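Structure record follows, encoded as structure tokens.
Residue numbers (our numbering): -15 to 111.
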């Protein structure tokens, strides 16, 4: 009887792993969201430079849509408007996002923007 329960548990665990992989393969479009705090938040020149560099990535292979914008000031307690800029890129799937991240043009742009940035946070989610 113990063997039966051990086998049942093993099958359940394997089934869960298989289900997780299948779920990952069914995911839809992937959103890559970057929240940016600039080293010089009041500098329009720095803000414009960052936006210019990041917009060049909109044309990289795999990008379905690309947006960049500034925080909207808010007094709502749940809204964090302390950041300077946000970028959202949308991809067909996780593989397209990974190819984008590995793209030498993307890596060069990130290296160019890095000195302008005090802090950044990245969020990614699948539809």
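Don't be surprised by glycine CBs; every beta carbon is placed ideally from N, CA and C. Note that the structure is predicted; figures quoted are calculated from it, not measured.
Rounded to whole angstroms, what's the CA-CA distance from residue i to residue j? Just pull it up for me.
i: residue 25; j: residue 57; result: 14 Å
i: residue 79; j: residue 110; result: 12 Å
i: residue 33; j: residue 98; result: 12 Å
i: residue 12; j: residue 73; result: 14 Å
i: residue 65; j: residue 41; result: 24 Å
Please state whether DSSP places residue i in a helix, a strand or coil.
i: residue 14; result: strand
i: residue 34; result: helix
i: residue 50; result: strand
i: residue 72; result: strand
Are the beta-carbon atoms belonging to residue i and residue j less than 8 Å from one another?
i: residue 51; j: residue 68; result: no
i: residue 46; j: residue 95; result: no
i: residue 75; j: residue 44; result: no
i: residue 93; j: residue 38; result: yes
Residue i: buried (16+ other C-beta within 10 angstroms of its C-beta) or exposed?
i: residue 62; result: exposed
i: residue 60; result: exposed
i: residue 18; result: buried
i: residue 20; result: buried
When you compare the CB of residue i with every CB in chain C, is at least one pair closer than 8 Å?
i: residue 19; result: Included in the structure is just one protein chain, with no chain C present.
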